[in-house]
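Engineer: For the sequence shown, our numbering gives the first residue as 101, with consecutive numbering after it.
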Amino acid sequence: VLNDKQLREKLIKKGLEQVKKFSWEKTAKQTLRLLYEK
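1) Helix or strand or just coil, what does DSSP make of V101?
2) Would you give the residue range spanned by the alpha helix (DSSP H) that N126 belongs to?
3) Residues in the same chain with beta-carbon distance under 6 Å from R108, minus the five sequence neighbours each way, listed in chain order, please.
4) Could you tell me the alpha carbon to alpha carbon distance between K105 and K121, rounded to whole angstroms?
This is the structure in structure tokens:
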């Protein structure tokens, strides 16, 4: 990764896309939904 600029850029791009899927608000809503399921 240190010596492969293309791989590094690809991993950064994928990581930034992945992190968009997570937020504290979304996590809290999912947790509450699970807690209140019957």
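Backbone N, C-alpha and C fix where the C-beta goes; we use that ideal spot for every residue, glycine too.
Structural biologist: Let's see:
1) The answer is coil: DSSP assigns V101 none of H, G, I, E or B.
2) The question names Asn, but residue 126 in the sequence shown is Lys. In this chain, the alpha helix (DSSP H) harbouring K126 covers 124-136.
3) If we look at R108 and ignore the five residues flanking it on each side, its Cβ neighbours are V101.
4) Those two C-alpha atoms are separated by around 25 Å.
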